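The structure appears below as structure tokens.
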Amino acid sequence: MNRFEGKNVLFIYYKFPPIKGIGTLRNAKFYQSFKNVARKVFVATTSNRKFLPIDQFRFDPEDVIEIPTYDFRTIYHFLTGDEGSLIVTQDKTPHKWLPHWKERFKNSFIARHLDEGGSYFVHRGYKLCRKIIEREKIDIIISSYLPFDAHRLAFRLKKRYPHLYWIADYRDFFSDPMLRATPQFSHLQNKHFQFLSIADEVTTVSSGIKKRLSVFHPRVHVVRNGLNHPLTSSRQIPKYKLFTLAYTGSIYPDAQDGTLLARALKELINEGRIKKRHLQFVNAGKDGLYWEKLLESYGIGEILVNHEIIPHKESLLIQQKSHINVLLSWASDDVSGILTGKLFEYLGAEAPIVALINGNFDPELDELISKPNRGTLFQQSETGLKKLKTFLVHQYNFYLNNKKLAMPLYDSNQKPLRGVITWQDEFDNWNKNKTQNNDQTNTRHSLTSNQ
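See the structure below:
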């Protein structure tokens, strides 16, 4: 049963192609999958896409409606003429006032109105989306967090049109204690309670986050990011000549920590178990300054090769050419199962994964990485350090002997091997789940009811 067949769908996405970013990838996957099963699809997204960093994605421009936006990215672009993106962390910025301005902005009341999306995005989006809903007879609205204001806009539309079936997607848990550095945290948390009180269905990326969201909503479903067949290479990619560890993506400094890796590399070099001249650490993403400072603090800054922000295809190529891909994650008593889109890219790269966990052990992440022998999890401890050093030396010796680890994803018939999760399987299982519309009918609108 295809429960979305014949439906008209409106996505409310701040992050949508051609805007570059891992959040955009998940939103684009939902859009592309719905495009294949629904009657019509439309996407309401930010006008900031005109100047934000872009990448190559497959989408139909006729499906997109731009919402005029005035948020901190718009202001940054107006003041500097720069792309105003995720605002690259770098020392050599010509705008010396920027770090101070960013800090003052985050701690101010106006951050509620000018944060990503912002009040103007919600106000103008409400007017535009009402026209689309009425003209196109929209049945379903789907919004994605982050940012907060995508859900805020969807909330207003659901209140105005109760017949709409609202699917609220949470790529992150809004009450993650590792990400509570924002001063407006309590205010936003209370707002999320309101959102969840009227959303018809909630989707998220992992069982760990589902467990937390289920406290606030009776119908939470896991749709993991999964491997995307077009992203995986059918041919053998030659590895770098140097023993290469790679990190591609952003850093949440309050939640992620690469210290254990820097310390392990430094000690292995000092012990003569890894030769520095054989080694390089490749970063691709906006937070090259983080790795620069960390590696320099351990006296090994010269191993860093910093590409900063690059096209997604180039990022995937770096993952495939590297000998180890580095994943930084976190877990706590409150939240686990931080399964980012980056994780599934790494799984598709067919290279071992070093997953550094800040906080508690994460069994769901372990199930995806360690159980199918795709890599290992390491916690920030002396035991974790010893274990990591052993792992790195083992991989280094493979490199010295020019051996390749066999890490296939598909069998000879191009069927995913056991334990390999694909996006299409995740979407199809969710789409065809008949039970989602059979419970809670007394309190929540049924997707299959007459509109």
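Each residue of the sequence shown is one higher than the last, beginning at 22 in my numbering. C-beta atoms are modelled at their ideal positions from N, C-alpha and C, and glycine is treated no differently. Keep in mind it's a predicted model, so treat the numbers as computed, not measured.
Return the CA-CA distance between residue i and residue j, expressed in angstroms with no decimal places.
i, j, result
"L398", "I390", "8 Å"
"F237", "F214", "7 Å"
"F412", "I131", "47 Å"
"N450", "Y319", "47 Å"
"T66", "V30", "14 Å"
"D100", "P259", "Per the sequence shown, the amino acid found at residue 100 is Leu instead of Asp. Straight-line Cα distance between these residues: approximately 44 Å."
"L386", "I295", "28 Å"
"A370", "T361", "15 Å"
"G247", "L46", "11 Å"
"L289", "E329", "27 Å"
"R79", "P38", "8 Å"
"K28", "R173", "23 Å"
"V62", "S343", "38 Å"
"N454", "T224", "13 Å"
"K262", "K297", "13 Å"
"I153", "N211", "29 Å"
"T95", "L135", "9 Å"
"T114", "D103", "For T114, the predicted structure reports a pLDDT of 46, less than 50, and the residue's modelled location is therefore unreliable. The matter cannot be settled from this model."
"H184", "C150", "15 Å"
"A171", "L282", "36 Å"
"R24", "R60", "12 Å"
"S164", "D190", "6 Å"
"S218", "R177", "13 Å"
"D81", "K334", "20 Å"
"D383", "E155", "45 Å"
"Y147", "L167", "18 Å"
"K36", "Q77", "14 Å"
"G138", "F93", "8 Å"
"E388", "E157", "43 Å"
"T404", "K410", "10 Å"
"G306", "K56", "30 Å"
"N423", "N394", "20 Å"
"D446", "Q257", "25 Å"
"I75", "L368", "24 Å"
"S140", "K180", "17 Å"
"N291", "L377", "22 Å"
"K408", "L209", "40 Å"
Going by Cα to Cα distance, which pick from the options is closest to residue i?
i, options, result
"G358", "G229, G27, E371 and Y367", "G229"
"P332", "Y52, T224, F51 and L73", "L73"
"A175", "V64, D84 and N452", "V64"
"H144", "Y97, Y91, Y191 and Y166", "Y91"
"V375", "V347, D383 and S164", "V347"
"E18", "Y141, R284 and P89", "What the structure shows of the chain is the stretch from 22 to 472, and residue 18 is not part of that stretch, so it cannot be assessed."
"K337", "S350, L349 and L364", "This sequence places Leu at residue 337; Lys is not what is there. L337 has its Cα closest to that of L364, out of S350, L349 and L364."
"N249", "F51, N452, V414 and Y35", "F51"
"L406", "N423, Y367 and N379", "N379"
"G293", "E403, N418 and N394", "N418"
"K443", "E366, K179 and N291", "Here residue 443 turns out to be Thr, not Lys, going by the sequence shown. Checking every option, the nearest Cα to that of T443 belongs to E366."
Under 8 Å by Cβ, that's how I've got residue i and residue j pegged, so tell me the actual separation to the nearest angstrom.
i, j, result
"A372", "Q341", "7 Å"
"V473", "F194", "Because the chain is modelled from 22 through 472, residue 473 falls outside the range shown and cannot be assessed."
"V243", "K231", "5 Å"
"G279", "L315", "6 Å"
"S235", "V241", "5 Å"
"I43", "G270", "6 Å"
"R7", "I40", "In the structure as shown, the chain begins at 22 and stops at 472. Residue 7 is therefore absent and cannot be evaluated."
"E26", "V58", "6 Å"
"I88", "F142", "6 Å"
"I272", "D308", "4 Å"
"L349", "Q416", "Going by Cβ atoms, the distance from L349 to Q416 rounds to 18 Å, so no, they are not a contact pair."
Ignore the nearest five residues each way along the sequence and tell me which others in residue i's own chain have a CB closer than 6 Å to its CB.
i, result
"F302", "L266, I324 and L325"
"K287", "Y319 and I321"
"F448", "S54"
"I108", "With a pLDDT of 46 at I108, under the threshold of 50, the modelled position of that residue is not reliable, and no figure is offered here."
"N463", "Here N463 scores only 37 on pLDDT, less than 50, and its place in the model is too uncertain to base an answer on."
"Y420", "F264 and H344"
Just checking residue i against the ligand ADP - is the residue's beta carbon closer than 6 Å to any of the ligand's heavy atoms?
i, result
"A283", "This structure lacks the ligand ADP, and indeed carries no ligand of any kind."
Take residue i and list the residues in its own chain whose beta-carbon comes closer than 8 Å to its own, dropping the five residues that flank it on each side.
i, result
"W312", "Y268, G279, F302, N304, L325 and N327"
"R233", "F194, S196, D355 and V356"
"S68", "E87, I88, P89 and T90"
"A49", "F37, P38, F78, R79 and F80"
Could you name the residues of the same chain whose beta carbon sits closer than 7 Å to that of residue i, not counting the 5 residues immediately before and after it, in chain order?
i, result
"A202", "Confidence at A202 is low in this model, with a pLDDT of 48, below 50, so its placement is unreliable and no value can be given for it."
"N381", "A352, S353, D354 and S357"
"H299", "L263 and F264"
"Y182", "I154"
"F216", "H172, F176 and A189"
"R192", "G44, R47, S165, Y166, L167 and V226"
Counting only beta-carbon separations shorter than 7 Å, does residue i have a partner in chain C?
i, result
"N454", "Of the protein chains in the structure, only one exists, and it is not chain C."
Practice prompt. Taking only runs that begin and end inside the segment 273-356, name each unbroken alpha helix (DSSP H) of 4 or more residues, in chain order.
Written response: 280-291, 309-318 and 333-342
Fill in: Any alpha helix (DSSP H) of 4 or more consecutive residues that is wholly inside the segment 54-103
93-101
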